[in-house]
Ligand code: SF4
């Protein structure tokens, strides 16, 4: 074998090893988080429509603020109401979620899209996932993370949601994470079988873990992933 072929074989083997290592870690992370926090049964909402509304309201804010905004609807949160209410009034209702003027318009945009399915979630769920994703991404104010949340938690299409918690956790664990949203998502989807329940639970567990331990400033003490985590191990050594 010549030098170049030998070198590229070595490189491929290294890549394969790192790929297998990451794959194993991804499976272990899920098992450990599930053991630590149990079933999450997301998304926390009364109806599927409320779930979609929540996915927009939660942009750049905490879930507590979303709950405040949703409770301001006083149990009357329907697509018909959102389309008929003046922007100004809608904006006042959702004020606790922040960026309320933009979000009011986004809620209207999303609801207008939903209208084409007669506000019937089953009609939307019957469509192909890629078609729905491209329709959602065409809506002004809906980015990839929000679209994938709606796809997974409302439209029952398994798309792995990549958020700040996911990126932070996997990077700290020591997995090479692509910067590009879809490249990262596709990588994970390549590693984990496309299963709606699994994607639903995995993302919810990552969020739970991000709130309890893997915060901006990591709380590594008592973390169920510490034995697996490069950042956590380094922290342990330095103490
Ligand atoms: S050990 Fe620390 S950095 Fe690693 S996952 Fe746990 S909290 Fe995050």
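Numbering (our numbering), first residue to last: 24 to 262.
Don't be surprised by glycine CBs; every beta carbon is placed ideally from N, CA and C.
What you are looking at is a predicted structure, and each value in this text was computed from that prediction instead of being measured.
Quick check: what's the CA-CA separation for residue 110 versus residue 53? Cα-Cα distance, rounded: 42 angstroms.
Please find out if some non-hydrogen atom of ligand 1 comes closer than 7 angstroms to the beta-carbon of residue 236. Taking the Cβ of residue 236 as the reference point, at least one heavy atom of ligand 1 falls within a distance shorter than 7 angstroms.
Extent of the continuous alpha helix (DSSP H) run through residue 87: DSSP places residue 87 in the uninterrupted alpha helix (DSSP H) bounded by 86-94.
For residue 121, which of 82, 47, 75 and 173 has the nearest alpha-carbon? Among 82, 47, 75 and 173, the Cα nearest to that of residue 121 belongs to 82.
Looking at the structure shown, is residue 212 part of a helix, part of a strand, or coil, going by DSSP? When DSSP states are grouped into helix, strand and coil, residue 212 belongs to the helix group.
Close-in-space but distant-in-sequence residues of the same chain around residue 177 (CB under 6 angstroms, 5 per side omitted): Spatial neighbours of residue 177 in its own chain (CB-CB distance under 6 angstroms, excluding positions within 5 residues in sequence) are listed in chain order as 71, 74 and 75.
Starting from residue 260 and walking both ways along the alpha helix (DSSP H), at which residues does that stretch end? Residue 260: member of the alpha helix (DSSP H) spanning 253-261, first to last residue.
Quick check: what's the CA-CA separation for residue 69 versus residue 218? Across the structure, residue 69 and residue 218 are spaced so that their CA atoms are roughly 23 angstroms apart.
What does the Cβ neighbour count give for residue 187, buried or exposed, with the cut at 16 atoms within 10 Å? Exposed.
Examine the Cβ distances between the region 159-176 and the region 126-137 and report whether three or more of them are shorter than 8 angstroms. Here the region 159-176 makes contact with the region 126-137; the two share three or more CB pairs at distances below 8 angstroms.
Here's the rule I'm using: 16 or more other beta-carbon atoms within 10 Å means buried, otherwise exposed. How should residue 62 be labelled? Flag for residue 62 reads exposed.
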